[in-house]
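Student: Going down the list, the protein sequences come from chains W, C, G and X. FYI, in the numbering used here the residues of the first sequence are 249 to 368. FYI, in the numbering used here the residues of the second sequence are 32 to 616. FYI, in the numbering used here the residues of the third sequence are 105 to 349. FYI, in the numbering used here the residues of the fourth sequence are 32 to 147. Just so it is clear, CB atoms sit at the ideal spot from N, CA and C, and this is done for glycine as well. Okay, handing you the structure first.
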Amino acid sequence: MTYVKPISTLWWLRRPSYFLFALRELSSVFVAWFVVYLLMLVSAISAGPEAYHRFLDWSTGRVLVLNVVALLFVLLHAVTWFNLAPRAMVVPHVPPVVVLVLHYLLWLGLSAALAWVVLR
Amino acid sequence: MSTFHNVVVVGGGGAGLRAAIAVAEANPRLTVAVVSKVYPMRSHTVSAEGGAAAVAGPDDSLEEHLYDTISGGDWLVDQDAAEAFVQEAPRELLRLEHWGCPWSRQRDGRIAVRAFGGMKKKRTWFAADKTGFHMLHTLFQTTLSNPDVVRYDEWFVTSLLVDDGQVYGVVAIELATGRVETVIANAVILCTGGCGRVFPFTTNANIKTGDGMALAYRAGAPLKDMEFVQYHPTGLPFTGILITEAARAEGGWLLNKDGYRYLQDYDLGTPTPHPVLRSMELGPRDRLSQAFVHEHDKGRTTDTPYGPIVHLDLRHLGAEVIDAKLPFVRELCSKYENIDPVKELIPVRPVVHYMMGGVHTDIHGATSLTGLYAAGEVACVSINGANRLGSNSLPECLVFGARAGQAAAEFVTSTRTAPGAAVYAQARDAQRLLEREFARHAEGSHIGGRERIADIRTEMQTAMENGAGIYRDGESLAKAADRLRDLRERFGRATVDDRSRTFNTEAVALLELSFMLDVAESIVVSALHRGESRGAHQRTDFPGRDDERFLAHSLVRRTPDGGGLVDYMPVKITQWPPGERVYGR
Amino acid sequence: MADTITMQVARYRPGQEAEPVFQSYDVPLRKEWAVLDGLNHIKDHVDGTLSYRWSCRMGICGSCGMTVNGSPVLSCATFLTDYAPGPVRVEPLRNFPVVRDLVVDIGDFMAKLPSVKPWLIRDDEPPEGEYLQTPDELDDYKKFSMCINCMLCYSACPVYALDPAFVGPAAIALAQRYNLDSRDEGAADRRDVLSSAEGVWACTFVGECSTACPKGVDPAGAIQRYKLTAATHALKDFLLPRGAR
Amino acid sequence: MRRRSPEPLVWLLFSAGGMAAALSVPVLLFLFGVAIPLGWLPRPDHAHLLTVLRSPITKLVLFGLCVLALFHWAHRFRYTLYDGLRLKKLSGLIIVFCYGGALAGSAVAGYVLLRA
Ligand SMILES: Cc1cc2nc3c(=O)[nH]c(=O)nc-3n(C[C@H](O)[C@H](O)[C@H](O)COP(=O)(O)OP(=O)(O)OC[C@H]3O[C@@H](n4cnc5c(N)ncnc54)[C@H](O)[C@@H]3O)c2cc1C
Ligand code: SF4
Ligand code: F3S
Ligand code: FES
């Protein structure tokens, strides 16, 4: 004769931390969107300069809004991902902070490198 | 309803679990039940902080551990029992290591040991300052691997089934359902722990209500040396939470309100910056707690809303030592006192901590009733005498838990007596009796008014503190005895508002209170009769030790009218005749 | 500071209520009072019928877990003043069947615990003395040995709420406590349960278990580490031909 | 014999994808999705981008990123549907949709990149 509390489908609204978790999980959708966007960009570039510029023109307005939202989600993904990394990856004799800092350094370095390749 | 097991262990603390494993190992054909009013890993062994003593290194010897134990107990120690204890303690602690206990280690991977009060050598094994926690969880997890150990978690034992001087099982309430059940057995091992809750200010958990002592007492087994109640010198005010002796073993100082290491005034040695074994802060608990009372009388303690205090100073140890060796102390201080021992003084005062006395057993854990065994804090095998040394209790649970388990296994294997019809009849009666008892307490209309359980309990605790505290005399004890008689009468009118069967904790509190009243009375009667001062029993009207008359164990038996009858039995002395207890010299 | 605080306590008495209801009590607000002290005050002086578990009141026995203002906490280590001026809402731990008032049924955990074999497994006979273990080796699993089985992590974990078959944070952390113990050789015996769908793979790393844990066990980390171990194992199984294993 | 579960392998793909996405997606999305369209940064020269894109290394890297990121999505989204919307009953369908989607997406990515 125990009481079992029913769980609502909207359980992730119940606590801020659960909500943040739900957002984090949702970030995957925007990662997928990025793949779509990237492939569209690649097609546009390979189709010639006009297509490329048309694509960039198209990328303003509504698409831009979508991309801004996607960027926020992707950033959320990146930050949560790196913050959790030291918990899964335990390197003997290396304190977790070091693992954390290394991840962020790697992120920074790689981002700079990619930007350089693109903007060179 | 009733179930049958060859052996029933009551209690799932250190002693109970060790006993259960011992039964299963002694004879795999036996089934053994562990009946406990809380899940085993909630048992109070979990709170033990400091460590467990057993001779470990080549620079130590069994002789020395034995001598420390005997002199620490003010010669009220049965030397044969203590000998068995010091001999078997190392093996038991080692077994725990083999089962996975995370003992603290030295650099080379061997077990580390620390100093402890009243011990001449470093021989206290420890797992940081959560020794009891790690030992209990290791034992519990080890029993999980053993399908022969059947558990009855959250079953509250209310009485023993006794027929013709032999014990055949227990009556218990399954708390979740409120059903009264019986577990029939050929032997019962009591491992229910101590009774600190008889006093108002204690390190003991809520569950330490002396149930097993009362169960045995009511069944006709005598209790031994009940007047010896240990006060620990360093409990936090208000909560009574223990600051382990290890804090002093690592080098902590006790300071009075002038910042003076006052123990030097009480024949406990001279202060040195580093801890010296068996000296000053590493003196035995009885002497340290008594010194506090004298300091208080001299007006050199600090007053707080929760009584007078002195200070424990760990600041000079530094954050590194404290975090490595005493992390839990730091955690407890910051949580419950909002102070950081790295930078601040810890307020402490003596607090009821441990029961030297208990159900009288021989060195195999056998009581005076056939088929009934006892081990751990509930028992009195007489290795602790008039004052237990810190860190002797945990190994005692293991050594005598194992011994009681083996003895019970042997007993049930070799005897053929089966519980007769009388036992089953008793089992049936028990249910009706309990129901009637509750109906009585649940009835609203009592002649002479209703009584709250908590009020009676509080008054009992005050009576004990005032009458049978660190210092007592004939008058204070007699007054306490009067109060207890009075309270027993009022207990008859105590009411239970909770009529539910499901997890009725008020009913549990009522039963526990009735157990505690019995235990309290046995303490007071025993203390009244002992006209001397020895160890933890200090009579201001008899300030000296009197080996002529009282080098003897007191045995208290329950009389039919509920009173206690005291007589004495000799102390077993094999090697060391009574001598002077010398500390710091 | 006001000298009383209101505690709204969830009451559920089977047969009497169909679902929990809240009952309000005013209790003295004292600096050193934990939520548990408030409950004890109610039980001793106001309403003896209130049921809850507690024992050590020093945060080590693990029996007094409750939901206080929505978060799973040890009620003996959570202070009333932190919720002043109140009210303080005290409910039973979430994700467990409620037996009565603040008492929940943790039978599910107790049944799962043995399945991950949380005990030292060795094939050989123990040595004469101790198994050697350096302080560094002790550090490898120390954190995971601190679990007091208080169930706060289960109460915090939404995956456990949704999928009661999930082995759960504390049980997995305890399995890891032995897996990472240099004396233990039982990792292979624990693998089946841990790497099943109800084992580590059910966990989506919400991380709330570690946030709730009062003893710094970090079950989320334990689970995540085991995922890595299990995945590496699976990869080896997958890549290496049968005979080479 | 232990029941072989594909869970560890898809989890590895999920993790690798999570890492790849965390490291490289924010900057790429910032550049091509926000900064360049907004004109915060000059549009990169088409010829330059084409050269970069035509390099086999770029193709390989982008292909890897796409595949991993898609599997990252597939795995995480599967659990989002399980837990967030409590659709575990539809597990079979969800698995086909998510991992199937990731496979299809990978094929498209391969095609687009090869052709480029
Ligand atoms: C704060 C603290 C610190 C300590 N530190 C140390 C130390 O450092 N070193 C040392 O050697 N000693 C120490 N001690 C003493 C030592 O911990 C105890 O004496 C010892 O743990 C007692 O173990 P036990 O098995 O006898 O009883 P417990 O662990 O108290 O177990 C009693 C068991 O009996 C069960 N039980 C009781 N009544 C009933 C009933 N009616 N029905 C069913 N079951 C029942 C309970 O559920 C429980 O399982 C300390 C004690 C305290 C209080
Ligand atoms: S892991 Fe932490 S929260 Fe979970 S049961 Fe253990 S101690 Fe409690
Ligand atoms: S909260 Fe639950 S989902 Fe995993 S990380 Fe902790 S077990
Ligand atoms: S009462 Fe023991 S943990 Fe709170």
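Is the number of C-beta pairs between the stretch 267 to 284 of chain W and the stretch 312 to 327 of chain W that are closer than 8 Å three or more?
Tutor: Yes, the stretch 267 to 284 of chain W touches the stretch 312 to 327 of chain W.
Student: Please confirm if residue 314/G has its CB atom under 8 Å from at least one CB of chain C.
Tutor: As a working note, residue 314/G is residue 210 in the third sequence. Not an interface residue.
Student: Any Cβ of chain G within less than 8 Å of the Cβ of residue 511/C?
Tutor: For the purposes of this step, residue 511/C is taken as the residue at position 480 of the second sequence. No, residue 511/C lies away from the interface with chain G (no Cβ there is under 8 Å from its Cβ).
Student: When you compare only the Cα positions, how much space is there between residue 414/C and residue 289/C?
Tutor: On the second sequence, position 383 is the one that residue 414/C refers to. On the second sequence, position 258 is the one that residue 289/C refers to. Distance between the alpha carbons of residue 414/C and residue 289/C is about 38 Å.
Student: What would DSSP say about residue 159/G, mapped onto helix, strand or coil?
Tutor: The count along the third sequence starts at 1 and reaches residue 159/G at position 55. Of the three classes helix, strand and coil, the one that applies to residue 159/G here is coil, per DSSP.
Student: In three-state DSSP terms, what is residue 313/G?
Tutor: Along the third sequence, read from residue 1 onward, the residue named residue 313/G stands at position 209. Residue state, collapsed to three classes: helix.
Student: From what residue to what residue does the beta strand (DSSP E) around residue 212/C run?
Tutor: Here residue 212/C refers to the residue found at position 181 of the second sequence. First-last of the beta strand (DSSP E) with residue 212/C: 210 to 221.
Student: When the cut-off is 8 Å and only beta carbons count, does residue 263/G lie next to chain X?
Tutor: Looking up residue 263/G in the third sequence gives position 159. For residue 263/G, the answer is yes, since a Cβ of chain X falls inside 8 Å of its Cβ.
Student: Closer than 8 Å is the cut-off here; do at least three beta carbon pairs connect the stretch 336 to 346 of chain C with the stretch 266 to 283 of chain C?
Tutor: Touching, yes, given that three or more Cβ pairs across the two stretches are closer than 8 Å.
Student: Could you tell me which residues DSSP pairs with residue 343/C in its beta bridges?
Tutor: Residue numbering aside, residue 343/C sits at position 312 when the second sequence is read from its first letter. In the DSSP output, where bridge partners are listed per residue, residue 343/C has 285/C and 377/C.
Student: What's the gap between the Cα of residue 139/C and the Cα of residue 236/G?
Tutor: By one-based count along the second sequence, residue 139/C stands at place 108. By one-based count along the third sequence, residue 236/G stands at place 132. Going by the C-alpha atoms only, they are around 8 Å apart.
Student: Quick check on residue 64/C: buried or exposed, where buried means 16 or more other Cβ atoms within 10 Å of its Cβ?
Tutor: As a first step, residue 64/C is located in the second sequence; it is residue number 33 there, counting from the start. Counting Cβ neighbours within 10 Å, residue 64/C comes out buried, since at least 16 surround it.
Student: With a threshold of 16 other CB atoms inside 10 Å of the CB of residue 142/X, please say whether the residue is buried or exposed.
Tutor: Within the fourth sequence, residue 142/X is the residue found at index 111, counting from 1. Per the 10 Å Cβ criterion, exposed.
Student: With 8 Å set as the bound, which would you pick, yes or no: does the beta-carbon of residue 118/G sit closer than that to a beta-carbon of chain W?
Tutor: The count along the third sequence starts at 1 and reaches residue 118/G at position 14. Judged by the 8 Å Cβ criterion, residue 118/G is in contact with chain W.
Student: Pull up the distance between the alpha-carbon of residue 40/X and that of residue 283/G, whole angstroms please.
Tutor: Counting from one through the fourth sequence, the residue named residue 40/X turns up at place 9. Counting from one through the third sequence, the residue named residue 283/G turns up at place 179. Near 22 Å, if we compare the C-alpha coordinates of residue 283/G and residue 40/X.
Student: Residues in its own chain within less than 6 Å of residue 476/C by CB, not counting five upstream and five downstream?
Tutor: On the second sequence, residue 476/C is found 445 positions in, with the first residue counted as 1. Low confidence applies to residue 476/C: its pLDDT is 48, below 50, so where it sits in the model is not reliable, and the reading given next is rough at best. So no residue of the chain qualifies.
Student: Confirm the yes/no value for this check: CB of residue 235/C, any heavy atom of ligand 1, distance under 7 Å.
Tutor: Mapped onto the second sequence, residue 235/C falls at position 204. Yes, Cβ of residue 235/C sits closer than 7 Å to a heavy atom of ligand 1.
Student: State yes or no: is the beta carbon of residue 32/X nearer than 8 Å to at least one beta carbon in chain G?
Tutor: Sequence index remark: in the fourth sequence, residue 32/X carries index 1 (1-based). Only weak support is given to the placement of residue 32/X: the predicted model assigns it a pLDDT of 38, under 50, and the value that follows is read from those uncertain coordinates. With 8 Å as the cut-off, residue 32/X does not count as an interface residue toward chain G.
Student: Identify each residue in the stretch 327 to 353 of chain W for which the Cβ-Cβ distance to at least one residue of chain X is less than 9 Å, and report them in chain order.
Tutor: Answer set for the stretch 327 to 353 of chain W: 327, 328, 329, 330, 333, 336 and 351.
Student: Relative to ligand 1, is the shortest distance from any of its heavy atoms to the C-beta of residue 428/C smaller than 7 Å?
Tutor: Your numbering for residue 428/C matches position 397 in the second sequence. Result yes, Cβ under 7 Å from ligand 1.
Student: Return the bridge partner residues of residue 569/C from the DSSP annotation.
Tutor: In the second sequence, the residue the question calls residue 569/C occupies position 538. DSSP, once it has assigned bridges, lists 502/C as partnering residue 569/C.
Student: Mind checking if residue 215/G is an interface residue toward chain W, Cβ cutoff 8 Å exclusive?
Tutor: In the third sequence, residue 215/G corresponds to position 111, counting from 1. Output row for residue 215/G: interface = no.
Student: How about residue 9/C and residue 78/C: do their beta carbons lie closer than 8 Å?
Tutor: In this structure chain C extends from 32 to 616, so residue 9/C is not present and cannot be described.
Student: Going residue by residue through the stretch 128 to 204 of chain C, where are the continuous beta strand (DSSP E) segments of at least 3 residues, counting only ones entirely within it?
Tutor: The stretch 128 to 204 of chain C contains these whole beta strand (DSSP E) runs: 180 to 184 and 186 to 194.
Student: Would a C-beta distance cut-off of 8 Å place residue 407/C and residue 44/C closer than the cut-off?
Tutor: Indexing the second sequence from 1 puts residue 407/C at position 376. Indexing the second sequence from 1 puts residue 44/C at position 13. Taking 8 Å as the Cβ cut-off, residue 407/C and residue 44/C qualify as a contacting pair.
Student: For ligand 4, which residues have a Cβ under 6 Å from at least one heavy atom, in chain order?
Tutor: With the cut-off at 6 Å, the residues found are 158/G, 159/G, 160/G, 161/G, 163/G, 164/G, 165/G, 166/G, 167/G, 168/G, 178/G and 180/G.
Student: For residue 111/G, does the three-state DSSP call read helix, strand or coil?
Tutor: The count along the third sequence starts at 1 and reaches residue 111/G at position 7. It is a strand residue.
Student: With 8 Å set as the bound, which would you pick, yes or no: does the beta-carbon of residue 331/G sit closer than that to a beta-carbon of chain X?
Tutor: As a working note, residue 331/G is residue 227 in the third sequence. Taking Cβ atoms only, chain X reaches closer than 8 Å to residue 331/G, which makes this a yes.
Student: For the stretch 234 to 252 of chain C, list every residue whose C-beta sits within 7 Å of some C-beta in chain G, in sequence order.
Tutor: Within the stretch 234 to 252 of chain C, the qualifying residues are 236, 237 and 238.
Student: Between the Cα of residue 251/W and the Cα atoms of 311/G, 135/G, 148/G and 195/G, which residue gives the shortest distance?
Tutor: On the first sequence, residue 251/W is found 3 positions in, with the first residue counted as 1. Residue 251/W has its Cα closest to that of 195/G, out of 311/G, 135/G, 148/G and 195/G.
Student: Count the other CB atoms, across all protein chains shown, that sit within 10 Å of the CB of residue 488/C; report buried if there are 16 or more and exposed otherwise.
Tutor: Locating residue 488/C in the second sequence gives position 457, counting from the first residue. Buried.
Student: Between residue 241/G and chain W, is there a C-beta pair that is closer than 8 Å?
Tutor: Against the third sequence, residue 241/G aligns to sequence position 137. Cβ-Cβ to chain W under 8 Å: no for residue 241/G.
Student: Within 10 Å of its beta-carbon, does residue 42/X have 16 or more other beta-carbons around it, so buried, or fewer, so exposed?
Tutor: As a position in the fourth sequence, residue 42/X is number 11, starting the count at 1. The residue in question, residue 42/X, is buried, as its Cβ has 16 or more Cβ neighbours within 10 Å.
Student: Is residue 247/G close to chain C? Criterion is C-beta to C-beta, closer than 8 Å.
Tutor: By one-based count along the third sequence, residue 247/G stands at place 143. So no, residue 247/G is outside the interface.
Student: Using a Cβ-Cβ distance cut-off of 8 Å, determine whether residue 288/W contacts chain G.
Tutor: For the purposes of this step, residue 288/W is taken as residue 40 along the first sequence, with counting starting at 1. With 8 Å as the cut-off, residue 288/W does not count as an interface residue toward chain G.
Student: What residues in its chain sit with their C-beta under 7 Å from that of residue 344/W, if we drop five residues either side in the sequence?
Tutor: Residue 344/W sits at position 96 when you count from the first residue of the first sequence. The answer, listed in chain order, is 334.
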